[in-house]
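4 protein chains.
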Amino acid sequence: MAGLRVGVLGASGYTGGELVRLALGHPEVELAFLGGRDSAGRTLEEVHPHLAGSPAASLRIQPVGDAKDLDLAFLALPHGESSTIAPALLEASVRVIDLAGDFRLPATAYPEWYGFEHPSTAWLEKAVYGLPERFRDQLRGAHLVANPGCFPTPVVLGLAPLLERGLVEGPVVVDGKTGLSGAGRTAGDAASHVATEESIRPYRFPSHQHKPEMEHALALATGIDVRITFAPHLVPAVRGVLTTCYVKASEGTTTEALGSALAEAYEGEPFVRVLPPGAMADTKRVRGSNVVELQASVDPRSGTAAVIGALDNLVKGAAGQAIQNLNLMAGFDETTALPSIGVYP
Amino acid sequence: MAGLRVGVLGASGYTGGELVRLALGHPEVELAFLGGRDSAGRTLEEVHPHLAGSPAASLRIQPVGDAKDLDLAFLALPHGESSTIAPALLEASVRVIDLAGDFRLPATAYPEWYGFEHPSTAWLEKAVYGLPERFRDQLRGAHLVANPGCFPTPVVLGLAPLLERGLVEGPVVVDGKTGLSGAGRTAGDAASHVATEESIRPYRFPSHQHKPEMEHALALATGIDVRITFAPHLVPAVRGVLTTCYVKASEGTTTEALGSALAEAYEGEPFVRVLPPGAMADTKRVRGSNVVELQASVDPRSGTAAVIGALDNLVKGAAGQAIQNLNLMAGFDETTALPSIGVYP
Amino acid sequence: MAGLRVGVLGASGYTGGELVRLALGHPEVELAFLGGRDSAGRTLEEVHPHLAGSPAASLRIQPVGDAKDLDLAFLALPHGESSTIAPALLEASVRVIDLAGDFRLPATAYPEWYGFEHPSTAWLEKAVYGLPERFRDQLRGAHLVANPGCFPTPVVLGLAPLLERGLVEGPVVVDGKTGLSGAGRTAGDAASHVATEESIRPYRFPSHQHKPEMEHALALATGIDVRITFAPHLVPAVRGVLTTCYVKASEGTTTEALGSALAEAYEGEPFVRVLPPGAMADTKRVRGSNVVELQASVDPRSGTAAVIGALDNLVKGAAGQAIQNLNLMAGFDETTALPSIGVYP
Amino acid sequence: MAGLRVGVLGASGYTGGELVRLALGHPEVELAFLGGRDSAGRTLEEVHPHLAGSPAASLRIQPVGDAKDLDLAFLALPHGESSTIAPALLEASVRVIDLAGDFRLPATAYPEWYGFEHPSTAWLEKAVYGLPERFRDQLRGAHLVANPGCFPTPVVLGLAPLLERGLVEGPVVVDGKTGLSGAGRTAGDAASHVATEESIRPYRFPSHQHKPEMEHALALATGIDVRITFAPHLVPAVRGVLTTCYVKASEGTTTEALGSALAEAYEGEPFVRVLPPGAMADTKRVRGSNVVELQASVDPRSGTAAVIGALDNLVKGAAGQAIQNLNLMAGFDETTALPSIGVYP
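If you read the protein sequences in the order shown, they are chains A, B, C and D.
For what it's worth, our numbering labels the leading residue of the first sequence as 1, then goes sequentially.
For what it's worth, our numbering labels the leading residue of the second sequence as 346, then goes sequentially.
For what it's worth, our numbering labels the leading residue of the third sequence as 691, then goes sequentially.
For what it's worth, our numbering labels the leading residue of the fourth sequence as 1036, then goes sequentially.
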């Protein structure tokens, strides 16, 4: 089998490891290159001992800049690196899926939210936002995909159909809860088990970079501008993001109407599960899968709707969604190599 | 030592156990009665093995109805029981601190929020809401105290000073996160470790009974009516409540102004810690203590303020606050037997 | 596709859910019957919401006794039930894999260790112990397989090659550590998150029924009788068993010799990973996979060897090993539908 | 109040923080000096935010070498530092309690187990092993106390009375399980929450330095030499050590005899709780307290006894035991400032 020659740049992090794990189960993908910085020179199994039993175990991580002869590259690098690396790859006809934030926002937003001037605005304008359930057609032919952030994914999927149908009206308050794996592999003492167990704590309010991403992606998806307030919180978990969006329900909007709108919007979608009325989303249930669970209901007293989404931040919130995008870009079945059942409990 | 003769009715639950633990460290309190239902006949150490080393270890739990010769009774019983038991105690001159919801709301709210007609509305009208930092003077002479819920405590403490000073304006969205101990000792399979680890999930939106309590208590505390939307969430922790309140910042309100208002309001309070600018509340830090941590800041783009509070739901959110109320009612130093330093890490 | 018609009796427990999840990914298996007791009448997705997205979601659980027209039945029932149900299935030419303890011990051991007289000793004598790495040939033609317990699996795999080669000599002390999922889905208050977080505790010493299973299986596997002392412990995890076996190293036995023996014994085995010298086993690494990690080393001062194994008790310790046995019994590739890479982190 | 002028050298670690917390609750102790290395110049509340509400919050940490005018110094420094610092303090008549391993072993053992030649063997010979329940008389007049390690404390307390009475006979296998706080505050990626949740793993077998400490302390306590094999394991907890000692029961030794021996040995001891027959030790129950729980039973089939101990490694396993030693050295009531009830759940 020839296969799509794929590289993972930034293979030593959690997202990198998950990309490798999923890619290894993909019948059309050939894992042709692993790139890293500090990890260059080590083998995959040294960096990710849980991959010791895989066929790629002894593959050696190479300097990021040595990537060549690839059909597609996943960039799982720190924010700010992808945008310097992607152009050369793209010009060499390597398709790129960026898992950092480098191609998610308008150019003007980068200084404020990411602290750098965007170095490749021409490519930025061509990037497609990699949320398949909303941008599937554009993704099929895409050369550069901006894989969405873990928080924006459930927020955009949950709100877009409701905004479009006029069932809810901005502004929106998004309260995010996440496990620690989103903080990355070398997150320091604050990410230790000792500091995390029994700790519930907010962080980076009001300046988390997923806020402008939510606003931008919702505008792209619906044509509607909504103002977002976003506060993320860390809770003692490893995988899992749950977002609770609070938004004004339009006059007459009922819980049933919200549920029907979501069900209609995502009918037939393999990775979106709209919960039946009364059911509650649970990050544990989607652990290890590419599924996002959605629920919505109205508090009739206050007229506020709560639109809630749950996913595994390393799968549907990162590596799994990236594989889904690869499948679209390369014309494979969209669900290839992507579990739709979580490893529960 | 004469001592205040105190009874704990509902001694076998987590709150009951914490009341006993704290009462045992109180030099002016004599633990004169332990009452239970299913646990009647068993000793304290059988029901709470961690109390095996205490002087009360072999005290036998008696039927709740056998309480007598007490100066004060803590009622840590299921909602709906306190209101049938309290009147007889009060008429026998036993002061009562109710840790259930039976004396927290106006009579008219009980059918909707608690599912019963209130059986003792005359006493209900005399009940004082047991939030010392806001109702200290009334508590000093009180005979019947409604100990606040775990979620309303940080919400009311955080919002009241800001509403009073006109720095924020309702309505308010309250996003609550809690560990599992608040669900009680026999909470079933959904509270198992297997179902809880890695699980982030909402529950009981929009009908949690702490919502009307927040509205009622804020009105009592400030004279201002605010409409609350409240969504609680379970996260994989044992102790700990963190509440994130989203509310419109008034024109010109800054993060500094919010911080100053809180600092001023709680200057000298032994159990309220207003965090310095930039610091983030953390439930782990107050674990085992009677302290509530508060922080507030404004998102200048959206004009929304986030007012955040963290406490240990079994201490400041239940048993500790009840002891604080006892201290006030009995004229003891308000901090007696109450830790102001958490057991960290 | 015709497919092997498979039933899961006891589908509502954790092991049952895991059997269904793995069977759904098996191209040669048709999930033809789900049986339960209290859960009969409910659909699979009601009982296991994480399976809501699967093709079997709306399959209804039927009374256990209604199983018919099956090629193979997994019995994931409480101890003592399988032995009453299996004979009728076997006589109707349904092959049986029992995940309880009903066919693991000699008949004489049942009264003492399981509290019942074995009702079908003729079948018991025909049962094959389902540890593929040691009894592969017998399993190929087996009609009745006793799937091993979660603790015995790593103990037997770790010790057998070392005993056979005379590198170690009994008796053996086995210290087991396990997460809570092994205790089952309705394990009561002691299995609550509140009672489990921060709790490290022994249980059921010295009377755990996996002790005689270890002795019996080691004798079957090696022909050598060793006396075992076994103390299991609960630690705050969901999945995961780690067994530490302490045994006298024979004169001259080195850590290198132990490692070589294990490596030689399991060369080419897809689900046994012998760790390189100095590496430490980790249950987290094999989570969700059918892999067992083994390590062995000698304390030269005391002459005691520590032989350590780690696995996921629901996969290699239960449902995964059962699928591995099905693959052998039915002549499929032994690794079909079984992950050899854990979902890490 | 005059008070005992006490310093904590190494105040920024977990043990340092716990020493400060307990010392702040001690009516006879004046916290006169906080010393650190990297943390020097910062205030206590910056280093330990949970101590922000304490009277010492704004105390500044000073270079370790600046300690002066103290009556007693706790050394909570990395192994190898105490032995270079202690002599000058002792010569200046400052009593010393060392919480590192620098004064726990014979001089000859240091190169092998700690990697350094002991620099002050004269003082080492005068050090008293700080296990109050066994060396109380020597501790009363001691100037230099070697505070025991977290694993040796329950092992020595559990085994010593049984060895002395001839109820058990060495050698002993000790299987240790511990939470992560024992690894210290800057333990790196392996101590992250992401790497710890769901991870059960051995470490540092057979070379953990608590092994020779157990052997040495048992010999000191009983005059009997026993050979120990020791394998420690990390489990997903913060506080808590549980040790399971496997040892040959002497001919005729029963579970009852073991229980009676322990009960007799520790009658009246405020911090040792011998569990009733059938009860199981639990680290969660002693969390935050200075209590060690002990149990012992015999497996009549194998003739092996399991002697099990549970404690909070930061309290009875470190800071609490150190305060207990201070109380003895200074002639205070031995239980002052030490909780005998855990913060449960």
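Note that the Cβ used here is the ideal one computed from N, Cα and C, for glycine as well.
Everything numeric in this text was worked out from a predicted model, so none of it was measured.
Under the Cβ distance rule, I224 of chain A does not count among the residues neighbouring chain B, no pair being separated by less than 7 Å.
Of the candidates C:T798, C:E941, C:E888, C:E888 places its Cα closest to the Cα of G1214 of chain D. Under the Cβ distance rule, G743 of chain C counts among the residues neighbouring chain A, one pair being separated by less than 7 Å. Going by DSSP, D1172 of chain D is part of the alpha helix (DSSP H) stretching over 1167–1175. Only H1083, P1084, H1085 from the region 1064–1085 of chain D bring a Cβ to less than 8 Å from some Cβ of chain B.
Taking a cut-off of 8 Å on C-beta distances, the region 181–201 of chain A touches the region 1197–1216 of chain D, as three or more cross pairs fall below it. The three-state reading of DSSP puts R21 of chain A in helix, counting H, G and I together. A distance below 7 Å between beta-carbons, with the five flanking residues on each side excluded, links E133 of chain A to the following residues of its chain, in chain order: L157, Y266, E269, V272. Secondary structure note for Y804 of chain C: its alpha helix (DSSP H) is the uninterrupted segment 800–804. Between the region 431–444 of chain B and the region 648–662 of chain B there are fewer than three C-beta pairs closer than 8 Å, too few to call the two in contact. F116 of chain A sits exposed, since fewer than 16 C-beta atoms from the chains shown fall within 10 Å of its C-beta. The alpha-carbon separation between T244 of chain A and V174 of chain A amounts to approximately 6 Å. By the neighbour-count criterion, in which 16 or more other beta carbons inside 10 Å mark a residue as buried, R60 of chain A falls on the exposed side.
G743 of chain C carries a coil assignment under DSSP once its states are collapsed to helix, strand and coil.
One finds nothing in chain C with a Cβ atom closer than 9 Å to the Cβ of I228 of chain A; even the nearest lies about 29 Å away. Q324 of chain A: member of the alpha helix (DSSP H) spanning 320–330, first to last residue. Contact between the region 661–677 of chain B and the region 505–517 of chain B is absent, with fewer than three C-beta pairs closer than 8 Å.
For the pair P497 of chain B and E560 of chain B, the CB atoms are not nearer than the 7 Å cut-off.
Taking C-alpha positions only, G623 of chain B is separated from T1371 of chain D by approximately 38 Å. Annotation: S950 of chain C is outside any beta strand (DSSP E); the continuous alpha helix (DSSP H) that includes it extends over 945–955. Between the C-alpha atoms of T453 of chain B and P1311 of chain D there is a straight-line separation of about 51 Å. Contact between V754 of chain C and R727 of chain C holds: CB atoms are separated by about 6 Å, below the 8 Å threshold.
Within chain C, no residue has its beta carbon less than 9 Å from that of A421 of chain B; the closest one is some 16 Å off.
Exclusion of the five residues before and after R21 of chain A leaves L51 as the residues of its chain whose Cβ lies within less than 7 Å of its Cβ. Within the model, the alpha-carbon separation for T733 of chain C versus N1325 of chain D is close to 51 Å. Fewer than three beta-carbon pairs drawn from the region 809–816 of chain C and the region 915–925 of chain C are found closer than 8 Å, and the two stretches are therefore not classed as touching. Three or more beta-carbon pairs separated by less than 8 Å link the region 5–13 of chain A to the region 69–76 of chain A, which places the two stretches in contact. Counting only residues of its own chain and dropping the five nearest sequence neighbours on each side, Q828 of chain C has a CB closer than 7 Å to the CB of V818. Non-local beta-carbon contacts of A1354 of chain D in its own chain, meaning distances under 7 Å to residues more than five positions away in sequence, involve T1050, E1053, L1054, L1057 in chain order. For a Cβ distance threshold of 8 Å, residue set V518, D520, T574, A576, Y591 of chain B lies close to Y246 of chain A, ordered along the chain. Any Cβ of chain D closer than 7 Å to the Cβ of A322 of chain A would place that residue at the interface, and such an atom is absent. With at least 16 other beta carbons inside 10 angstroms of its own, D416 of chain B counts as buried. Among the residues facing chain D, V238 of chain A is included, as its CB has a counterpart in that chain under 7 Å away. The beta carbon of D972 of chain C falls within 7 Å of a beta carbon belonging to chain D, placing the residue at that interface. Straight across, the Cα-Cα distance linking V1273 of chain D with P690 of chain B is about 7 Å.
Residues of chain A whose Cβ lies closer than 9 Å to the Cβ of V539 of chain B are, in chain order, P345.
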